[in-house]
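When the sequence shown is numbered by the numbering used here, its final residue is 956 and no position is left out of the sequence of numbers. Idealized CB from N, CA, C, for every residue including glycine. First the structure, in the form of structure tokens, and then the observations on it.
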Amino acid sequence: MPKKVASPKAKKSAAAVRDSATETLNLVLARLDDMKAEETVTIDLRGKSAFSDYMVVTTGRSNRHVGAVAENVAKGLKEAGQKKLHVEGLSNCDWVLIDTGEVILHVFRPEVREFYNLERLWTQSPSDEPRIDLKAV
């Protein structure tokens with residue numbers, strides 16, 4: 820049976836998506852740096868998730884700082900022509916989520932970030948988890 824080969828157009832399209840995701844990630848990281856966000860972690864989700872390429876987790880010092888960071892990033896994304904932008908959590912600013920489709924940004928207050936610990940959830944492999952065997956009684 821002949822082997823299927825991706826067309827040059829399909830390869831180009833996949834590369835464009837990857838470049839677009841990297842571009843969006845770089846814009847987000849630059850805005851976070853400008854706003855003095857703390858402890859920024861980038862998690863590469865390519866091959867682990869079908870819904871996004873990158874997840875960024877960062878911390879703001881207070882509710883006001885979390886809101887300012889999130890608003891600044893959202894503004895930068897809109898100025899860069901990002902049409903598909905979903906923002907949640909700006910009303911209380913404990914945890915603000917910005918989803919571009921390619922990059923998901925979580926901006927937390929320190930206590931909230933520690934409580935949810937998303938980095939552990941996405942970076943820990945199944946083999947790292949302690950195995951618990953349950954028996955029906």
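By DSSP, does residue i sit in helix, in strand, or in coil?
i: residue 918; result: strand
i: residue 838; result: helix
i: residue 833; result: Unreliable placement is indicated for residue 833, whose pLDDT of 49 sits below 50; the coordinate value is still reported in the next sentence. If DSSP states are grouped into helix, strand and coil, residue 833 belongs with the helices.
i: residue 899; result: coil
i: residue 822; result: Residue confidence for residue 822 is low, a pLDDT of 48 falling below 50, so the modelled location carries little weight and cannot support an answer.
i: residue 827; result: Unreliable positioning characterises residue 827 in this predicted model, as indicated by a pLDDT of 49, which lies under 50. The coordinate reading is nonetheless provided below. Reduced to three states, the DSSP call for residue 827 is helix.
Report all residues from its chain with a CB closer than 8 Å to the CB of residue i; omit the five preceding and five following residues, and keep chain order.
i: residue 848; result: 859, 861 and 875
i: residue 881; result: 928
How many whole angstroms separate the CB atoms of residue i and residue j, which I take to be in contact at a CB cut-off of 8 Å?
i: residue 856; j: residue 922; result: Incorrect: roughly 14 Å between the Cβ atoms, too far for contact.
i: residue 901; j: residue 843; result: 7 Å
So what does residue i bridge to, in DSSP terms?
i: residue 857; result: 878
i: residue 873; result: 863 and 922
i: residue 906; result: 917
i: residue 927; result: 878 and 914
Excluding five sequence neighbours on each side, which residues of the same chain lie with their C-beta closer than 7 Å to the C-beta of residue i?
i: residue 931; result: 913 and 914
i: residue 942; result: 862
i: residue 899; result: 846
How far does the alpha helix (DSSP H) with residue i in it reach, from first residue to last?
i: residue 937; result: 937-942
Kindly list the residues whose CB is nearer than 6 Å to the CB of residue i, restricted to its own chain and excluding five residues on each side of it in sequence; keep chain order.
i: residue 877; result: 851, 856, 859 and 926
i: residue 908; result: 914, 915 and 916
i: residue 906; result: 893 and 917
i: residue 890; result: none
State yes or no: is the beta carbon of residue i nearer than 7 Å to at least one beta carbon in chain B?
i: residue 849; result: Of the protein chains in this structure there is only one, and it is not chain B.
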